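Protein chains in written order, with the working numbering: chain A, 4 to 407; chain B, 9 to 397.
Working notes, beginning with the structure itself.
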């Protein structure tokens, strides 16, 4: 895949989030979007007149509202401005960030505002996801995003006890992170000593995928502001966070294709391998200081860590068991509490780079990592296996390695 | 004594012996001193040794302590209750620990049940008073044709056991639990009142194990809509926030095209027709218009199966709706992934397995298709798979 050298560098200079909850009946979609936009503008110290272009996204099948960007325009501030709408399922928020990055890097716009939102309570998530499947075949089998196959594969590979413990330890670790993040939606106050009880008694959804393992359905919005290196260097309210590179790829044929006797390379690994290679990153575990990963369930999270971090065998389990992924471990995963804690779908994948950027700035609040965060990784996930992955940096001056 | 966050510093120490877990502390030997400054503050000393705990108030200096904790009384209560982030308080120096702070963070959660502020019951609203209003809040128009018995087993102050019987558009509440129940809900009284008063989200309560559901999980979820929301008597009405209700129903038709059309006409003949890539030779099932690997049109068809081997499966307990009919599926049901005989090995194909075969389902099992009596060239022609034994 050919990747061209950036025309110019792009900085994240504003970040805004609403609170995330399962009921936001005190505001409509326009008002919710505006809350995130105002916070991002305030964070950047900008006025809406200083925004050159807006990118808007959500998963419109969920709310069944066609072209919501039109309805939302007074909340987004898009009235009379260039605006693009993007929707790539769960990946939407990350695709928005990739698109905003491209729009600024290309030189077409100086300052771009990206907005991701979802009000899942106003529609039907499982219905929406079902309608995403190939309408000619497989819709009759779709059960939303719920599957127990990853749990079963991990149990087969690592033994029941160890696999179940790992998934539950990851889940409780996420809850501990979410407890430190007042914006997170589900905050249970789980303790590691509850693991055995939850493993046995949390209601089964699909096979060993239990209710406690699965992400929530949340309402909320996120907004981020991107600008050119030149503008960022002319002065920003907070230190800029630099977008070094991103990859966005899907390799879908059909869903059952993932379950043959031989399996295709998972898109996550393909994306990570490609992105790290062209940036000369040999060992992602050593290079990155934080990874905000799109983790829809504890089982997927554990399985995917191996793919994203290019690990093999049980390395990912050993790292988890050694506490390497804890908030102040070797490579902290999801200090925010992750998608498991909060999942406003169109905003979810944007919250990953947003939270990673806050970690680099040192502005994450209660869930700030203690050591300095200089290099951050953030991922998005959607569709069946659609991956967005991006690298954020505290400082410019990384080695340009290979863009062919 | 001055209250913060609805409780006092003294209550935290007074409840310590009750919250102590001796079994967890049998190898612990430590004395911890606490100094809460300002109004409502004081000094305490907790001595833990050989699985015993002694808590005492201290006048004057805190002596003989391995670790001491110092904070303003409000910070102290806030951190204890989790209302103020401990890390925040520590890093901002509002909470100071002399000695090993890590020891406290690791040790205390292990040997003490977390402190909770005493529950204050506003206006004496109890589970009993709320349950008593159920019959008058019943909405017969929402419960048409519904017959169920919902049991509540509510422990603690104001709790009890009740059965709500819904039948023929009527609702009756009676004391005690009948047998059989459609579903039984077990919880503490404050969990029930919290959910009814809107201070505790039902999903959170259920997911975190505060509500136990025995029986039909979907029925438990459905009960809320049979009743009007409970309102506290005499409470002033908040600003009215209305929600508009809309149901969309769209009758769709999708063209299959010649490639998928061939597949569907194969089903009508009770045959699985895969198409084979002229470049790499792999079979595609269901057939696809091009080979994504070789970027060529795939026009040659070959019959595969009808028997195959299970590569993976999902046993679904979550009663999701069948998107093609809207009917809630009968659980458990199981989509199986099958590589049909004669297919390329990466080409799995998914269908449901016959319900009776679920207990005997294994990876590697041999299966055969179950065809509809009358095939018409649609996805309904294959009902699913069954074990081939």
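A virtual CB, placed ideally from N, CA and C, is assigned to each residue, including glycine.
Predicted, not measured: the structure shown is a model, and the values here were computed from it.
Closer than 8 angstroms to chain A by CB, residue i
i: residue 251 of chain B; result: yes
i: residue 117 of chain B; result: yes
i: residue 323 of chain B; result: yes
i: residue 262 of chain B; result: yes
i: residue 305 of chain B; result: no
DSSP three-state assignment for residue i, whether helix, strand or coil
i: residue 89 of chain B; result: helix
i: residue 376 of chain A; result: coil
i: residue 186 of chain A; result: coil
i: residue 267 of chain B; result: helix
i: residue 389 of chain A; result: strand
i: residue 343 of chain B; result: strand
i: residue 20 of chain A; result: strand
i: residue 480 of chain A; result: In this structure chain A extends from 4 to 407, so residue 480 of chain A is not present and cannot be described.
i: residue 327 of chain A; result: coil
i: residue 320 of chain B; result: strand
i: residue 172 of chain B; result: strand
i: residue 45 of chain A; result: helix
i: residue 168 of chain A; result: helix
i: residue 399 of chain A; result: coil
i: residue 162 of chain A; result: coil
i: residue 357 of chain B; result: strand
i: residue 353 of chain A; result: helix
i: residue 241 of chain A; result: coil
i: residue 285 of chain A; result: coil
Residue i, buried or exposed, once every other Cβ within 10 Å from all chains shown has been counted against 16
i: residue 96 of chain A; result: buried
i: residue 82 of chain A; result: exposed
i: residue 296 of chain B; result: buried
i: residue 303 of chain B; result: exposed
i: residue 336 of chain B; result: exposed
i: residue 331 of chain A; result: exposed
i: residue 24 of chain A; result: buried
i: residue 26 of chain B; result: exposed
i: residue 367 of chain B; result: exposed
i: residue 22 of chain B; result: exposed
i: residue 351 of chain A; result: buried
i: residue 111 of chain A; result: exposed
i: residue 160 of chain A; result: exposed
Whole-angstrom distance between residue j and residue i, CA atom to CA atom
i: residue 78 of chain B; j: residue 338 of chain A; result: 28 angstroms
i: residue 10 of chain B; j: residue 115 of chain A; result: 51 angstroms
i: residue 33 of chain B; j: residue 190 of chain A; result: 28 angstroms
i: residue 122 of chain A; j: residue 66 of chain A; result: 7 angstroms
i: residue 357 of chain A; j: residue 227 of chain A; result: 7 angstroms
i: residue 57 of chain A; j: residue 80 of chain A; result: 8 angstroms
i: residue 69 of chain A; j: residue 124 of chain B; result: 47 angstroms
i: residue 224 of chain A; j: residue 73 of chain A; result: 16 angstroms
i: residue 401 of chain A; j: residue 335 of chain A; result: 22 angstroms
i: residue 221 of chain A; j: residue 26 of chain A; result: 8 angstroms
i: residue 281 of chain B; j: residue 296 of chain A; result: 40 angstroms
i: residue 225 of chain B; j: residue 191 of chain B; result: 7 angstroms
i: residue 252 of chain A; j: residue 240 of chain A; result: 34 angstroms
i: residue 311 of chain B; j: residue 279 of chain B; result: 7 angstroms
Test: residue i CB closer than 8 angstroms to a CB of chain B
i: residue 182 of chain A; result: yes
i: residue 270 of chain A; result: no
i: residue 29 of chain A; result: yes
i: residue 138 of chain A; result: yes
i: residue 22 of chain A; result: no
i: residue 256 of chain A; result: yes
i: residue 194 of chain A; result: yes
Beta-carbon proximity check, residue i vs residue j, cutoff 8 angstroms
i: residue 119 of chain B; j: residue 56 of chain B; result: yes
i: residue 268 of chain A; j: residue 300 of chain B; result: no
i: residue 195 of chain B; j: residue 138 of chain B; result: no
i: residue 389 of chain A; j: residue 92 of chain A; result: yes
i: residue 359 of chain B; j: residue 139 of chain A; result: no
i: residue 177 of chain A; j: residue 343 of chain A; result: yes
i: residue 55 of chain A; j: residue 19 of chain A; result: no
i: residue 136 of chain B; j: residue 235 of chain B; result: no
i: residue 393 of chain A; j: residue 100 of chain A; result: yes
i: residue 396 of chain B; j: residue 275 of chain B; result: no
i: residue 214 of chain A; j: residue 149 of chain A; result: no
Interface residues of chain E facing residue i [CB-CB closer than 8 angstroms]
i: residue 191 of chain A; result: The chain inventory of the structure shown lacks chain E, comprising the protein chains A and B.
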